[in-house]
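Working notes, beginning with the structure itself.
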Amino acid sequence: MDYYKRIRKEDKEIYKAITGEEKRQAEGLELIPSENYVSRAVKEAMASSLTNKYSEGYPGKRYYGGQEFTDQVETLAIERAKKLFKAKYANVQPLGGANANIAMYFALLEPGDTILGMDLSHGGHLTHGHPVTYLTKIFNFERYKMKNVETGEIDYDEMRRTARRIKPKIILAGFSAYPRELDYKKFVSIAREVGAISVMDIAHIAGLIAGRAAKNPFDYGFDIMTTTTHKTLRGPRGGMILVRESEEIAKKINKAVFPGFQGGPHMHQIAAKAVAFGEALRPSFKKYAKQIITNTHAMEKVFKKHKARMLTGGSDNHLILLDVWKSFGISGGEAEKLLDRAGITLNKNAIADDTRKPMDPSGIRFGTPALTTRGFKTKEAARVAEIMIEVLTARSDAAVKRAKQEIKKLALAHPIPESFK
Ligand code: DSN
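Residue numbers for the sequence shown follow our numbering, so the first one is 2 and each next one is one higher.
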């Protein structure tokens, strides 16, 4: 099927850019841990006529007419999300993960209120209070950290002392660059002790939770989970807010998303979320989620063998943070560029208490969700790690060339599956 026949005829420049990107995704290996390949069904929903429709409000309570089918779409997305994550309430309208977090803050806080979240260089996220975001002009963000960066253990005692002292309204768990599972019980107990609402940003591991390959924070009493839908969950680019059981919180969240923060929901995106959630409810998704972690462990084993320094000593999830500065004497930026030339896409990343600058930090971050969608198993995942070591050690044109040939072969042997094209 020629999926782009109209664009090819009517807009050659965009056609060239889209097909160029598709070729890049097919021929190289995608190791950015927040990226994935969505199914053809998800893409079809994204390209549907639902994009034409305005649907401000929520199912049954809209500001415009003609909502028979949009209501069906959003209700299906909500019901599937609730089942997938064991939530009583779900808001599927956030356009992205940042929107979900911002709406959540405004739903629960007054200006000047305090949030206690993960230190950014220890794995937190921009929307968890990075000084470059406008959020810090409105709310007060305080930090907790790891006690030991070699094991990844969070300093829960210090966190409890800080929480007692600053009395945060929200205790925020979750990360975009942390390879370990958190002690959810401790988070909830600290939040309850100081009367804070407990929120877990599950953006990176949503697919692992949905596939029952990682613990569900709701099973430990978290009040809210925010997430993106496009990472391990393998849905369209988008966000979502889940509430475990409080109707009062759910109502506040709904009001904050619309009309508080966003305008009309993107119904084509919500349809695509519903399709992805339907896929994640199937038994095959459980296998996928488990394989992501098995593949990470296969890579971890190789780095251990070569004594490369992984932050927290390894990984429990889909991602690894490698200190390339200490392990190979090159910066994260240089490593990213070298590996890019070999056909391996990943990103430079700050490591805990990094002494280098954010634009060229000491680490790289990578993971297995996209490789696993391509059908990579432990043998191939381990080989990719070996190739990374070879390139990072030799750093010569010849090594890059050799790696590029092998990466291309691996990619061709594991094409993006037909149902994901
Ligand atoms: N950009 C996302 C990531 O790569 O983790 C987080 O927002």
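Don't be surprised by glycine CBs; every beta carbon is placed ideally from N, CA and C.
Looking only at C-alpha atoms, which of K10, L51, A299, R193 sits nearest to T379? A299
How about T229 and G239: do their beta carbons lie closer than 8 Å? Yes. Within cutoff.
Using only the heavy atoms of the ligand DSN, determine whether one of them is closer than 7 Å to the beta carbon of G98. yes
Can you list every residue whose CB sits closer than 5 Å to some heavy atom of the ligand DSN, going in chain order? S35, S177
Please confirm whether R235 and G208 have their CB atoms less than 8 Å apart. yes
For R144, three-class secondary structure by DSSP: strand
Would you tell me roughly how many angstroms separate the C-alpha atoms of K10 and T20, rounded to the nearest one? 13 Å
So, at 6 Å on beta carbons, what are the nonlocal neighbours of A99 in its own chain, with the 5 sequence-adjacent residues on each side left out? T128
Report the CB separation of K146 from D120 in whole angstroms; it is logged as a contact under 8 Å. 4 Å
By alpha-carbon positions, which one of L30, E45, A343, A174 ends up nearest to A275? E45
Which residues does DSSP list as the beta-bridge partners of L323? M311, I365
Return the chain-ordered ranges of every beta strand (DSSP E) run that is complete within the region 50–136 and spans a minimum of 3 residues. 90–92, 115–119
Backbone secondary structure at K256 - three-state DSSP: helix
Suppose the cutoff is 6 Å on Cβ atoms and the five residues either side in sequence are ignored; what does the same chain contact list for D3 look like? Contacts found: none.
Could you please give the first and the last residue of the uninterrupted beta strand (DSSP E) stretch that includes K349? 348–350
Limits of the unbroken alpha helix (DSSP H) element including I331: That residue, I331, is in no alpha helix (DSSP H); it is neither H nor E in DSSP.
Reducing DSSP to helix, strand and coil, say where M226 ends up. strand
Check the DSSP bridge columns for G175 and list the partner residues they point to. D202
Classify D324 as buried or exposed, calling it buried when 16 or more other Cβ atoms lie within 10 Å of its own Cβ. buried
Can you tell me where the beta strand (DSSP E) holding G240 begins and where it ends? 240–244
Under the three-state DSSP convention, the category N149 falls into: strand
Cα-Cα separation between E248 and V43, rounded to whole angstroms: 30 Å
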